[in-house]
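>
Residue numbers (this note's numbering): 746 to 906.
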């Protein structure tokens, strides 16, 4: 009998695959570098900006900013988004896109093609490496765990020149 993945398992798997693929294709890190060979440069050398984002009781908060305040990304820069779920008993996810579809619990347009975000249990941490789009625009980060987006767990993402 074939075992089906839960949505959470699928998100975790897709995130791991997308992160490896993103790091090797978007940033241009050779696949050898992902194997952690001694000659390979640390992937951190490719990061332009690191942003720490706390996930809590229905909010995203960048260090030093208000809860759910806009997150600004510069066109074409490489970002390391470091997430920490500070809710001990609630899991959260972080999806990046625009035009939310609450029935499907996702965005109609994703910031990163075929990347459906990350999901973190209470107390867990996770990372997303991404290259900001080449054009300015308005996006969003949201948590699509049932009821979380509706309760305000979302923040604007502004891509600027």
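The beta-carbon is built from N, C-alpha and C at its ideal position, and this holds for glycine as well. It should be emphasised that the depicted structure is a prediction, and the values quoted were computed from it without experimental measurement.
(1) Would you report the Cα separation of residue 813 and residue 788, rounded to the nearest angstrom?
(2) Hey, residue 828 and residue 863: beta-carbon distance below 9 Å or not?
(3) Let me know if residue 896 comes out buried or exposed under the rule of 16 or more other beta-carbons within 10 Å of its beta-carbon.
(4) One question on the structure: do residue 797 and residue 905 come within less than 9 Å of each other, judged by their Cβ atoms?
(5) Specify, as a first and last residue, the run of the beta strand (DSSP E) that residue 878 falls within.
(6) Measure the beta-carbon distance from residue 800 to residue 865 and round it to whole angstroms, keeping in mind my assumption that it falls under 8 Å.
(7) Count the other CB atoms, across all protein chains shown, that sit within 10 Å of the CB of residue 853; report buried if there are 16 or more and exposed otherwise.
(8) Assuming contact is defined by CB atoms lying nearer than 9 Å, are residue 911 and residue 867 in contact in what I supplied?
(9) Beta-carbon separation of residue 882 and residue 900 under 9 Å?
(10) Where do the N-terminal and C-terminal ends of the beta strand (DSSP E) with residue 813 fall, by residue?
(11) Between the C-alpha atoms of residue 844 and residue 851, what's the straight-line distance to the nearest angstrom?
(12) Since residue 872 and residue 825 should fall inside the 8 Å C-beta cutoff, what is the C-beta to C-beta distance between them, to a whole number of angstroms?
(13) Thinking C-beta only, is residue 806 closer than 9 Å to residue 830?
(14) Run the CB neighbour count on residue 802, radius 10 Å, all protein chains shown included, and call it buried at 16 or more, exposed below.
(15) Under the three-state reduction of DSSP, which class applies to residue 897: helix, strand or coil?
(16) When the Cα of residue 846 is compared with those of 823, 879, 890, which residue comes out closest?
(17) Along the beta strand (DSSP E) that carries residue 836, what are the first and last residues, could you check?
Put simply:
(1) 29 Å
(2) The criterion of a C-beta distance shorter than 9 Å is satisfied by residue 828 and residue 863.
(3) exposed
(4) no
(5) Per DSSP, residue 878 belongs to no beta strand (DSSP E) and is neither H nor E.
(6) A Cβ-Cβ distance of about 7 Å is found for the pair residue 800 and residue 865, placing them in contact under the 8 Å criterion.
(7) exposed
(8) Since the first and last residues shown for the chain are 746 and 906, residue 911 lies out of range.
(9) no
(10) Element bounds for residue 813: n/a, residue is neither H nor E.
(11) 9 Å
(12) 6 Å
(13) no
(14) exposed
(15) coil
(16) Checked all of 823, 879, 890; the closest Cα to residue 846 is 890.
(17) Segment: none, residue 836 is in no beta strand (DSSP E) and carries neither H nor E.
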